[in-house]
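Have a look at the structure below, then the notes.
Chains as they are written, first to last, in the numbering used here: chain C, 1 to 61; chain Z, 1001 to 1137.
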């Protein structure tokens, strides 16, 4: 099996995308709500990713 | 109507157990069995992709071991997460996947991907159970 070398951002992006898909599918009762929840979850992941990333960058000095 | 089902009416184990078992063995399989094809395929693709990415990042599979409480919790919890992936976990173990735990961000991400794939499949199994019991569409 080939080896995959991803950066922190790529791995976190892929993780967010796949988890958002599953959370969207299993959480709500109709397709519209599922899509909205999946997108909402993904946006939350991205906000946390960039927010915490910048916090660590600024906190590190 | 006398045959109409109510919320409190118990649903036979023969209705939900096969879907739950298939949902564990094949991610999304329970949904497919219950004719939720679109959602089943999405779950199959997402969970399998996550597991395969974990393997390609050379993540570590947990084994149930440990002496102190924290190590036991981490190893048993991780192992349960791995086992929840069903056939993906069984196949990789049967085919000899045994990546040692080494330092490195990519390996660490891989380990998390492997466990998360199992935990996402657990969520899918709960969804299958709810559908089979008639609590969800």
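Where a beta carbon is used, it is the ideal one built from N, C-alpha and C, also for glycine.
Among the CB atoms of chain C, one or more fall inside 9 Å of the CB of residue 1055 of chain Z. Taking a beta-carbon distance threshold of 9 Å, residue 1109 of chain Z counts as an interface residue toward chain C. DSSP, read as helix, strand or coil, puts residue 1026 of chain Z in coil. Here residue 1119 of chain Z is near residue 1084 of chain Z, since their CB atoms are less than 9 Å apart.
Of the candidates Z/1050, Z/1017, Z/1036 and Z/1034, Z/1050 places its Cα closest to the Cα of residue 21 of chain C. Annotated three-state conformation of residue 1112 of chain Z is helix, per DSSP.
Listed in chain order, the non-local C-beta contacts of residue 1125 of chain Z below 7 Å within the same chain comprise 1020, 1023, 1024 and 1030, local neighbours out to five positions each way being set aside. Interface annotation, residue 14 of chain C: in contact with chain Z, CB-CB separation under 9 Å. Counting along the chain, residue 1069 of chain Z sits inside the alpha helix (DSSP H) bounded by residues 1069-1083.
Nearest to residue 1054 of chain Z by alpha-carbon distance, out of Z/1107, Z/1087, Z/1121 and Z/1072, is Z/1107.
In the three-state scheme derived from DSSP, where H, G and I count as helix and E and B as strand, residue 1042 of chain Z is classed as helix. Note on geometry: alpha-carbon atoms of residue 1067 of chain Z and residue 1060 of chain Z lie some 19 Å from one another.
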